[in-house]
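Note that this note's numbering has the sequence shown beginning at 553, numbered continuously upward.
Virtual Cβ for every residue (Gly too), placed ideally from N, Cα, C.
Below is one structure, written out as structure tokens, with a few remarks after it.
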Amino acid sequence: MDDGVRLGNASAFMGWEVYLDDDPETLVGVVTDVASTGGALRGDAEAETSERTRVSDDGDEGGKTVDGETLNEDERAFLRRLDDALFVDEAYDDDAFDSDEEFLLLPDAAPWYYWDNIDNLEQALLKLVDAFWFEEMDGDETFWYNDISGALRVDPPVDGDGGGLDVPVMPTMANLVEARRWDLHHAVVLHGGYRAVAKELGWQQARRMENRHLLSFETLRDEILELLEDESLVAHGLRPGQLPCAAQLEEIERDDLVKFIRVHGGFGVVAKRLKLELSKWGRVKYPTAVAAATALRQFSLEHNITTRASPRLNKVIVFVPSDTELFKHGRNDLRHALRLFTPRVIADVGKMSLRQSRMSYEEARVEMRSWKFETGKRSVFLNWCKAGNKPWNMPKDPQVYYSKSGDWVSWEDFMLE
């Protein structure tokens, strides 16, 4: 618009967000009725929203302020990172168009039906979790901390890793509000709410274990040495002069020490710096990947951590349990085994599946072509899915999913011999 006011509609059931000069850092309010929308279109957005928010210019130091609060450099960097990370750049296909056309969908401009596809919601949530990584310094050492998952790592984060844990972490409503992503909040509500979406995606709920003071090695050392003075640790198999292993620490509910020992280089490095021996207690119960996988598979079957191969088939797919599920049932021994051998190895050895696994393009194409379709169209695929034929690990929108890896060709190639 010529008057410098932009209105973005995130969906059919949410308010209009009002910005100045098309700048995502200058949100001045949310228009909630037709009259105020009309006022904004006449260039009166600032007047319509003056009771809700105040916008001021912070001068040379940078940035506008929202609600009268000055944005510091870290906050401005966070908003810039959100602006970069939360672009939805997807090829959206619809049979209503004569040919495929790519749309650049801004986070607050996606059509309401875009979020009907939970794969689109999953990708947007992954991008949001990526934007919540923050760089930390402890002396000369650099760490990265994710404010949603609580994960810490010494290596730079990887895009799309879901927060740096074994299983992606579902953001909370507070996270989406902080990121000003009301469109994603309404999309989550559309799919049943935060718990329902987390369950559908196979993600874990956010579980905070901050204790960021343990980023200091001196503080970590003091807590470990104080812990070793507790004689009751003998009952957990710890001998004098030994650093407890992960399983022993988890048995006494000191997951925080496990987490930060890994941040500081792992058990071997920390034991050497503290001049302690490594405890070998945790290696006895599940000495091999086969033993660990057998126990984890039995746990999944006991707690129904499974799904059907497809709505029409009764074949059961057994999932590798998540750390959260093991923690909930007090199976710290299995948590340690899962971390020791990694979920992918456990899945291969135990003939289980990872929740986030998806068919490759070739695998999905073989499945589709086996049905001998006469026509290769998206509408035919959707009807096939509604009939309960789609395997659990085939993407709900193959075109969007496989376009990201560059494998997608066309619906005809995907479905027809």
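(1) Under three-state DSSP, which class holds Y838?
(2) Going by Cα to Cα distance, which pick from N866, D900, A939, G882 is closest to F846?
(3) Output the boundary residues of the beta strand (DSSP E) element that contains A861.
(4) Starting from T876, follow the alpha helix (DSSP H) in both directions and report where the run begins and ends.
(5) Among D699, M725, E730, D707, whose alpha-carbon lies nearest the alpha-carbon of G715?
(6) Return yes when the Cβ of F893 is within less than 7 Å of the Cβ of A841, no when it is not.
(7) Using a threshold of 7 Å, state whether the C-beta atoms of V870 and S852 are closer than that.
(8) For D596, I'd like the list of residues in its chain whose CB is within less than 6 Å of its CB, leaving aside the five on either flank, ordered along the chain.
(9) One question on the structure: do A703 and T724 come within less than 7 Å of each other, judged by their Cβ atoms?
(10) Which residue's Cα is closest to the Cα of L777: L826, I857, R910, F879?
(11) For K880, count neighbouring Cβ atoms within 10 angstroms of its own Cβ and tell me buried if that reaches 16, exposed if not.
(12) Which residue marks the beginning of the beta strand (DSSP E) containing N866, and which one marks its end?
(13) Buried or exposed, going by whether 16 or more other CB atoms sit within 10 Å of the CB of D532?
(14) Could you have a look at F925 and say whether DSSP puts it in helix, strand or coil?
(15) Where do the ends of the alpha helix (DSSP H) carrying F933 lie?
(16) Let me make sure I understand the geometry here. Which of R791, D713, L673, L968 has the alpha-carbon closest to that of A748?
(17) Can you tell which of M920, P839, F695, S701 has its C-alpha closest to the C-alpha of D885?
(18) Using only CA atoms, which one of R883, V815, L766 lies nearest to D707?
(19) Which residue marks the beginning of the alpha helix (DSSP H) containing N727, and which one marks its end?
(20) Under three-state DSSP, which class holds V681?
(21) Less than 7 Å separating the beta-carbons of A731 and L680?
(22) How about W963 and R930: are their beta carbons less than 7 Å apart?
(23) Between which two residues does the alpha helix (DSSP H) harbouring E770 extend?
(24) Relative to the C-alpha of D807, which candidate in L830, E854, T876 has its C-alpha closest?
(25) Identify, in the order they occur along the chain, each residue of the same chain with its Cβ nearer than 8 Å to the Cβ of I670, setting aside the five sequence neighbours on each side.
(26) Is M904 buried or exposed, if buried means 16 or more other CB atoms sit within 10 Å of its CB?
(27) Could you pull out every residue in the same chain whose Cβ sits closer than 8 Å to the Cβ of R705, ignoring the five residues on either side in sequence?
Working from what's here:
(1) Residue mapping note: residue 838 aligns to position 286 of the sequence shown, counting from 1. Residue state, collapsed to three classes: coil.
(2) Mapped onto the sequence shown, residue 846 falls at position 294. The question names Phe, but residue 846 in the sequence shown is Thr. Here the closest residue by C-alpha is D900.
(3) Within the sequence shown, numbered from 1, the residue matching residue 861 stands at position 309. A861 -> beta strand (DSSP E) spans 858-862.
(4) Taking the first residue of the sequence shown as position 1, residue 876 is located at position 324. Where T876 is concerned, the enclosing alpha helix (DSSP H) stretches over 875-880.
(5) Here residue 715 is taken as the residue at index 163 of the sequence shown, counted from 1. Considering only alpha carbons, the answer is D699.
(6) Within the sequence shown, numbered from 1, the residue matching residue 841 stands at position 289. Within the sequence shown, numbered from 1, the residue matching residue 893 stands at position 341. Against a cut-off of 7 Å, the Cβ pair of F893 and A841 comes out as a contact.
(7) Numbered from its first residue, the sequence shown carries residue 870 at position 318. Numbered from its first residue, the sequence shown carries residue 852 at position 300. In this structure, S852 lies closer than 7 Å to V870 by Cβ.
(8) By 1-based counting over the sequence shown, the position of residue 596 is 44. Residue placement at D596 cannot be trusted, given a pLDDT of 41 that sits under 50; what the coordinates show is reported in the next sentence. Closer than 6 Å at Cβ, skipping near neighbours: no residue.
(9) Reading the sequence shown from its first residue, position 151 is the one you call residue 703. Reading the sequence shown from its first residue, position 172 is the one you call residue 724. Going by C-beta atoms, A703 is not nearer than 7 Å to T724.
(10) Here residue 777 refers to the residue found at position 225 of the sequence shown. For L777, the nearest C-alpha among the options comes from L826.
(11) Position 328 of the sequence shown, counted from the first residue, corresponds to residue 880. That one is exposed.
(12) Against the sequence shown, residue 866 aligns to sequence position 314. Unbroken beta strand (DSSP E) run through N866: 865-870.
(13) Since the first residue of the chain shown is 553 and the last is 969, residue 532 is not available in this structure.
(14) The count along the sequence shown starts at 1 and reaches residue 925 at position 373. The answer is coil: DSSP assigns F925 none of H, G, I, E or B.
(15) Here residue 933 refers to the residue found at position 381 of the sequence shown. From DSSP, the alpha helix (DSSP H) with F933 extends over 930-938.
(16) Numbered from 1 along the sequence shown, position 196 holds the residue referred to as residue 748. With distances taken between Cα atoms, A748 lies closest to L673.
(17) Within the sequence shown, numbered from 1, the residue matching residue 885 stands at position 333. Taking only the C-alpha atoms, the option nearest D885 is P839.
(18) The residue you call residue 707 lines up with position 155 of the sequence shown. The shortest C-alpha separation from D707 is found at V815.
(19) The residue labelled residue 727 in the question sits at position 175 within the sequence shown. Here the alpha helix (DSSP H) through N727 covers 725-730.
(20) One-based indexing of the sequence shown puts residue 681 at position 129. If DSSP states are grouped into helix, strand and coil, V681 belongs with the helices.
(21) For the purposes of this step, residue 731 is taken as residue 179 along the sequence shown, with counting starting at 1. For the purposes of this step, residue 680 is taken as residue 128 along the sequence shown, with counting starting at 1. Going by C-beta atoms, A731 is nearer than 7 Å to L680.
(22) As a first step, residue 963 is located in the sequence shown; it is residue number 411 there, counting from the start. As a first step, residue 930 is located in the sequence shown; it is residue number 378 there, counting from the start. Their beta carbons are under 7 Å apart, which means W963 touches R930 by this criterion.
(23) To locate residue 770, count along the sequence shown from 1; it is residue 218. Start and end: 769-780.
(24) Here residue 807 refers to the residue found at position 255 when the sequence shown is read from its first residue. When each option's Cα is compared against that of D807, the closest is T876.
(25) Indexing the sequence shown from 1 puts residue 670 at position 118. Counting only Cβ-Cβ distances below 8 Å, and skipping sequence neighbours, we find H743, V749, E752, L753, K948.
(26) Taking the sequence shown and counting its residues from 1, one reaches residue 904 at position 352. Under this definition M904 is a buried residue.
(27) Your numbering for residue 705 matches position 153 in the sequence shown. Hits under 8 Å: F695, W696, G716, V815.
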